[in-house]
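Numbering (this note's numbering) for the sequence shown: 1407 to 1989.
Beta carbons are placed, not taken as given, at the ideal position from N, Cα and C, and that holds for glycine.
First up is the structure itself, then whatever we jot down about it.
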Amino acid sequence: MKTNVFQFILLLASVATTSADQITHTSSDTPPPLRAFEFYFDEVRTALRWFGSTWRTVRVKAVVPVFEITIWVCLLMSVMILGEKLMVGGVSLFVKVLGLRPEKRYKWEPISGGDAEIGHSAYPMVLVQIPMYNEKEVYKLSIGAACGLSWPSDRMIIQVLDDSTDPVVKEMVESEVTRWSRKGMNINYEVRDNRKGYKAGALREGMKHEYVRLCDYVAIFDADFQPEPDFLIRMIPFLVYNSDVALVQARWKFVNANECLMTRIQEMSLDYHFKVEQEAGSSTFAFFGFNGTAGVWRIVALNEAGGWKDRTTVEDMDLAVRASLGGWKFVYVGDVMVKSELPSTFKAYRFQQHRWSCGPANLFKKMAMEIVKAGKVSIWKKLYMIYSFFFVGKIAAHTVTFTFYCVLIPASVWIPEVEIPQWGVVYVPLAITLCKAVGTPSSIHLIVFWILFENVMSLHRIKAAIIGLLEVGRVNEWIVTEKLGDTLKSKTENTVEEVKISISGDTDIAKPLIDGSAKEVTKKPQNGWWSRLNFWELCVGFFIMCCGLYDVLYVKKGYYVYLFLQSTAFLVAGVGYVGTFVA
């Protein structure tokens, strides 16, 4: 019996490994217990022949043409991305080499208010807005930093816009505001009875207060941002002495960049964004996307552009585009840095990237024709906004990163009729990577990890961009992640609370904070290991791993080195071993 079973297994193996041309009938000396299976094996062999022949026909006539077209579209987009990176990189390098700081391109001089007779009247009135939502870990830092700004207290109004739903947190924030108010600061604690519009709604409501009419400019800081005391002294003169400037944007500096590998990788990407992309946009067309915080707006320009709108999840970029189409200029000041916190948990980072990718795509769909028809900007600025800023930066980059590097290159090992040019697989990606790596030279040794992790995140970015373009599903979904502050350092029992908020399609209806119809779902931490599993990362990881194994065993294209590394990155992310863990 054991012999027959063993022979049966060998026969199965022979069927699996025998090609269609090599298949022959078993000899007459086949043991009797196995002859009963010969008929069924003949049927299987016939089916395999038919399937193989049909697949070859379908592959050649249908799959290969579509595959080749998709590859060449991605290669074209890759060249477009490389051209855009070389352009913005060249502009940034030119500005740095020639020392063309903003103070040289725009009129700038210190504001003097030392005359005893006029007092502080030379200083313009500035409104400082700090929007908050259950920011228990960082509210003291942001309020304290705002109150510590070196600006006459009688020429500055601080506005804490608290949308917190936790009554304990609300009481803590209000107590902190009261404490600073007793010290002589002109600080106001403002709350709403609904969260209509979320951050955009809070900022919009904050601008409606009577005392805001006294102010000329408004500085905005998210709850985890801590400006240096000289922030306003260095930023406001650009607005005071240049009447056509609407926005002055500072650079972000990250206090927890060295917390884990994921935060180091985020620092690399964001440093490139600020040092290269924002600098190039400011220096060429005086336009870039407002980063939503660490910036100062001219209130007249803000109102002229239509104020804050909550039609997308990127209200900051929306306002910037509308203001720029109105003829206003923006200035990026890279020498002024504001401390902030990077998301250090993988789940928080995924949700953030969804919003940052979905919102711009959705805004592009809504404003493309408005940009084309704008009459106050040049055709070159329109071209820059549509082609470079939106299409290449917000659509093509996500499309190529995932479709080409995570789908087409791995799948090409299964389609021998398709050959991807070496320049598209090696040289162009290498050039793009080197262009982006200049943002953080100190992390150049992490470039391989950066590439692999960016490819992993492209899965979520391309999904978000498609959702934004089609305006379906999670197009207006917000994930508000509580900042950790010093939680990890002190090893307290606090955890990251994530609140999923689905924006109502009817924005005219204000919903109470505690109304269950607001669709706010508090996610409590789950302790099981399965709670860290990420389905889509695991699926893509296994797919790329199979492609790598097939390349090693049969095709031998040499892609397996990259495929094994990339599949490992996806699988590691899939089991949740990315970022930090808060117990």
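Tell me the rounded alpha-carbon separation between L1769 and G1701. Indexing the sequence shown from 1 puts residue 1769 at position 363. Indexing the sequence shown from 1 puts residue 1701 at position 295. Distance between the alpha carbons of L1769 and G1701: 21 Å.
DSSP state of N1768 mapped onto helix, strand, coil: Sequence index remark: in the sequence shown, residue 1768 carries index 362 (1-based). Of the three classes helix, strand and coil, the one that applies to N1768 here is helix, per DSSP.
Per-residue burial, P1816 [other beta carbons within 10 Å of its own, 16 or more giving buried]: What you label residue 1816 is simply residue 410 of the sequence shown in a count that begins at 1. Classification of P1816: buried, given that the 10 Å Cβ count is 16 or more.
First through last residue of the beta strand (DSSP E) which encompasses V1651: In the sequence shown, residue 1651 corresponds to position 245, counting from 1. Note, V1651: beta strand (DSSP E), 1651 to 1660.
Could you spell out where the beta strand (DSSP E) holding V1878 opens and where it closes? As a working note, residue 1878 is residue 472 in the sequence shown. Careful: V1878 lies outside any beta strand (DSSP E) and carries neither H nor E.
D1716, DSSP secondary structure in three states: Stepping through the sequence shown from its first residue, residue 1716 is reached at position 310. Correct three-state label for D1716: coil.
Around the C-beta of G1712, are 16 or more other C-beta atoms found within 10 angstroms, so that it is buried, or is it exposed? Within the sequence shown, the letter at position 306 stands for residue 1712. Exposed: under 16 other Cβ atoms inside 10 Å.
Could you give the distance in angstroms between the alpha-carbon of L1951 and the alpha-carbon of C1945? Reading the sequence shown from its first residue, position 545 is the one you call residue 1951. Reading the sequence shown from its first residue, position 539 is the one you call residue 1945. First, the amino acid is wrong: residue 1951 is Met here, not Leu. Each residue's alpha carbon lies about 10 Å from the other.
Look up E1543 in the DSSP assignment and say whether it is helix, strand or coil. On the sequence shown, position 137 is the one that residue 1543 refers to. Residue state, collapsed to three classes: coil.
Could you check what DSSP says for A1726 in three-state terms: helix, strand or coil? As a position in the sequence shown, residue 1726 is number 320, starting the count at 1. Note: A1726 maps to helix in three-state DSSP.
Apart from the five residues on each side of it in sequence, which residues of its chain come closer than 6 Å, Cβ to Cβ, to A1729? Here residue 1729 refers to the residue found at position 323 when the sequence shown is read from its first residue. Cβ neighbours of A1729 beyond the five flanking positions: A1652, A1707, A1711.
Residues in its own chain within less than 7 Å of N1940 by CB, not counting five upstream and five downstream? Position 534 of the sequence shown holds residue 1940. The beta carbon of N1940 sits closer than 7 Å to the beta carbons of A1979, G1980, G1982 from its chain, once the five residues preceding and following it are set aside; these are given in chain order.
Given a threshold of 16 other Cβ atoms within 10 Å of its Cβ, counted over all protein chains shown, does N1709 qualify as buried or as exposed? Within the sequence shown, residue 1709 is the residue found at index 303, counting from 1. Under this definition N1709 is an exposed residue.
Pair every Cβ in the segment 1579 to 1590 with every Cβ in the segment 1553 to 1569, then say whether three or more of these pairs are closer than 8 Å. yes
My output table needs one value for K1897: the three-state DSSP class, helix, strand or coil. Position 491 of the sequence shown, counting from 1, holds the residue named residue 1897. With a pLDDT of 45 at K1897, under the threshold of 50, the modelled position of this residue cannot be trusted; read the value that follows with caution. Here K1897 sits in coil by DSSP.
Considering just the uninterrupted stretch of the alpha helix (DSSP H) at W1829, what are its terminal residues? Within the sequence shown, numbered from 1, the residue matching residue 1829 stands at position 423. Premise fails: W1829 is in no alpha helix (DSSP H) and is neither H nor E.
Whole angstroms is fine: what's the gap from E1903's alpha carbon to E1825's? For the purposes of this step, residue 1903 is taken as residue 497 along the sequence shown, with counting starting at 1. For the purposes of this step, residue 1825 is taken as residue 419 along the sequence shown, with counting starting at 1. Residue placement at E1903 is poorly supported in this model, since its pLDDT is 41, which falls under 50; the coordinates are not used for a value here.
With V1682 and V1494 assumed to form a contact (beta carbons below 8 Å), what rounded beta-carbon distance in angstroms separates them? Here residue 1682 is taken as the residue at index 276 of the sequence shown, counted from 1. Here residue 1494 is taken as the residue at index 88 of the sequence shown, counted from 1. 5 Å between Cβ atoms; contact.
If you measure between the beta carbons of G1954 and F1970, is that distance less than 8 Å? Looking up residue 1954 in the sequence shown gives position 548. Looking up residue 1970 in the sequence shown gives position 564. Against a cut-off of 8 Å, the Cβ pair of F1970 and G1954 comes out as a contact.
Can you give the Cα-Cα distance for G1505 and S1849, rounded to whole angstroms? Locating residue 1505 in the sequence shown gives position 99, where the first residue counts as 1. Locating residue 1849 in the sequence shown gives position 443, where the first residue counts as 1. Cα to Cα, G1505 sits roughly 25 Å from S1849.
Based on DSSP bridge pairs, tell me the residues matched to F1736. By 1-based counting over the sequence shown, the position of residue 1736 is 330. Paired residues: L1653.
P1537, DSSP secondary structure in three states: The residue you call residue 1537 lines up with position 131 of the sequence shown. Shown here, P1537 sits in a strand according to DSSP, grouped into three states.
Measuring only the C-alpha atoms, how far is Y1529 from S1518? Position 123 of the sequence shown holds residue 1529. Position 112 of the sequence shown holds residue 1518. Near 8 Å, if we compare the C-alpha coordinates of S1518 and Y1529.
Alpha carbon to alpha carbon, what distance is there between D1650 and W1734? The count along the sequence shown starts at 1 and reaches residue 1734 at position 328. The count along the sequence shown starts at 1 and reaches residue 1650 at position 244. About 6 Å.
Please identify the residue among I1475, V1579, V1881, R1704 whose C-alpha is closest to the C-alpha of L1620. Within the sequence shown, numbered from 1, the residue matching residue 1620 stands at position 214. Residue R1704 is the option with its Cα nearest to L1620.
Mapping the DSSP letters down to three states, classify K1745 as helix, strand or coil. By 1-based counting over the sequence shown, the position of residue 1745 is 339. Of the three classes helix, strand and coil, the one that applies to K1745 here is strand, per DSSP.
For S1459 and L1488, what's the separation of their Cα atoms in angstroms? Counted from its first residue, the sequence shown places residue 1459 at position 53. Counted from its first residue, the sequence shown places residue 1488 at position 82. Whole-angstrom Cα-Cα distance: 41 Å.
Out of F1631, A1692, F1808, point me to the one whose CA is closest to K1745's CA. Counting from 1 along the sequence shown, the entry for residue 1745 is found at position 339. The shortest C-alpha separation from K1745 is found at F1631.
Kindly indicate which three-state DSSP category T1584 falls into: helix, strand or coil? Locating residue 1584 in the sequence shown gives position 178, where the first residue counts as 1. T1584 falls in the helix class under three-state DSSP.
Three-state secondary structure (DSSP) of K1917: The count along the sequence shown starts at 1 and reaches residue 1917 at position 511. Because K1917 sits at a pLDDT of 37, beneath the cut-off of 50, its placement in the model cannot be relied upon, and the following sentence gives the value as read from the coordinates. Residue state, collapsed to three classes: coil.
Kindly list the residues whose CB is nearer than 6 Å to the CB of I1671, restricted to its own chain and excluding five residues on each side of it in sequence; keep chain order. Within the sequence shown, residue 1671 is the residue found at index 265, counting from 1. If we look at I1671 and ignore the five residues flanking it on each side, its Cβ neighbours are W1856, F1859.
Would you mind stating whether G1882 and T1751 have Cβ atoms separated by less than 8 Å? Locating residue 1882 in the sequence shown gives position 476, counting from the first residue. Locating residue 1751 in the sequence shown gives position 345, counting from the first residue. The identity of residue 1882 in the sequence shown is Asn, whereas the question assumes Gly. Not in contact: N1882 and T1751 (Cβ atoms no closer than 8 Å).
Per DSSP, cross-strand counterpart(s) of I1868: Position 462 of the sequence shown, counted from the start, is the residue given in the question as residue 1868. Bridge partners of I1868: none, in fact.
Would you say N1861 and Q1759 are within 8 Å of each other, going by their C-beta atoms? Here residue 1861 corresponds to residue number 455 of the sequence shown, with the count starting at 1. Here residue 1759 corresponds to residue number 353 of the sequence shown, with the count starting at 1. Not in contact: N1861 and Q1759 (Cβ atoms no closer than 8 Å).
Please report the straight-line C-alpha distance between G1879 and S1864, rounded to a whole angstrom. For the purposes of this step, residue 1879 is taken as the residue at position 473 of the sequence shown. For the purposes of this step, residue 1864 is taken as the residue at position 458 of the sequence shown. Those two C-alpha atoms are separated by around 19 Å.
Excluding the 5 residues preceding and the 5 following D1722 in the sequence, name in chain order all residues of the same chain whose CB lies nearer than 6 Å to its CB. In the sequence shown, the residue the question calls residue 1722 occupies position 316. Counting only Cβ-Cβ distances below 6 Å, and skipping sequence neighbours, we find F1696, G1698.
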